[in-house]
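In what follows, a structure is listed as structure tokens, so that the remarks can point back to it.
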Amino acid sequence: MYVHKTKLRVRYSETDKMGVVYHGNYIQYFEVGRVEFMRNIGVVYAELEKDGIGMPVVNIDINYLLPAPYDEELTIETWIESLPTSKIVFQNRALNEAGKVVCRAQVTLVFINDKFRPVKSPKAVIEALIANGIG
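Residue numbering for the sequence shown follows this note's numbering, beginning at 4 and increasing consecutively.
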């Protein structure tokens with residue numbers, strides 16, 4: 004299984020009054036991981052959009068496990084466990100510098116056309132995932 008890793012450092016503006024990552028920022032961290040996962044396998048969101056394909060998030064299941072303080076370097080791990088149909092499900096974990104999981108999420112997106120109607124996963128996405136050992 005291919006797992007993409009992205010390094011991010013917690014910026015001061017991303018923390019709350021307690022000095023740790025504000026919970027809503029993990030969704031942005033996982034978006035960075037998701038976009039870089041796709042880019043790394045050869046699928047660029049902007050190109051899908053030019054072809055009239057959108058990928059809105061329709062569900063997020065997230066668990067906060069440990070705090071991550073300002074200036075901590077986080078590793079965002081992103082992977083897919085099965086080939087997409089009309090939806091694609093990403094698994095995400097944020098690990099601290101000690102390698103402990105601080106947050107994890109499952110994020111579901113759907114493929115839509117320019118009329119906001121669901122469509123099947125583009126062939127190029129399936130081929131890129133298979134070429135990288137997914138499915």
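A virtual CB, placed ideally from N, CA and C, is assigned to each residue, including glycine.
Straight-line gap, residue i to residue j (C-alpha atoms, nearest Å)
i	j	result
Asn135	Thr9	17 angstroms
Leu69	Arg42	29 angstroms
Gly138	Ser89	15 angstroms
Ser85	Ile91	8 angstroms
Gly57	Val46	13 angstroms
Trp82	Gln109	10 angstroms
Val13	Glu39	18 angstroms
Asn116	Met4	29 angstroms
Thr78	Glu100	8 angstroms
Gly22	Glu75	11 angstroms
Three-state secondary structure (DSSP) of residue i
i	result
Asn3	No answer is possible for residue 3: it lies beyond the span of the chain, which begins at 4 and ends at 138.
Ile129	helix
Ile63	strand
Arg12	strand
Lys118	coil
Val6	coil
Leu77	strand
Ala140	Any answer about residue 140 is impossible in this case: the structure gives the chain only from 4 up to 138.
Ala97	strand
Ile91	strand
Ile30	helix
Same chain only: Cβ atoms within 8 angstroms of residue i, ignoring 5 sequence neighbours per side
i	result
Lys123	Thr88, Ser89 and Phe114
Contact set for residue i: own chain, Cβ-Cβ below 6 angstroms, skip 5 residues either direction
i	result
Asn62	Thr111
Ile44	Ala131 and Asn135
Glu80	Val6, Lys8 and Arg96
Same chain, Cβ closer than 7 angstroms to residue i, neighbours up to 5 away in sequence not counted
i	result
Glu17	Val24, Tyr25 and Asn28
Lys103	Leu69
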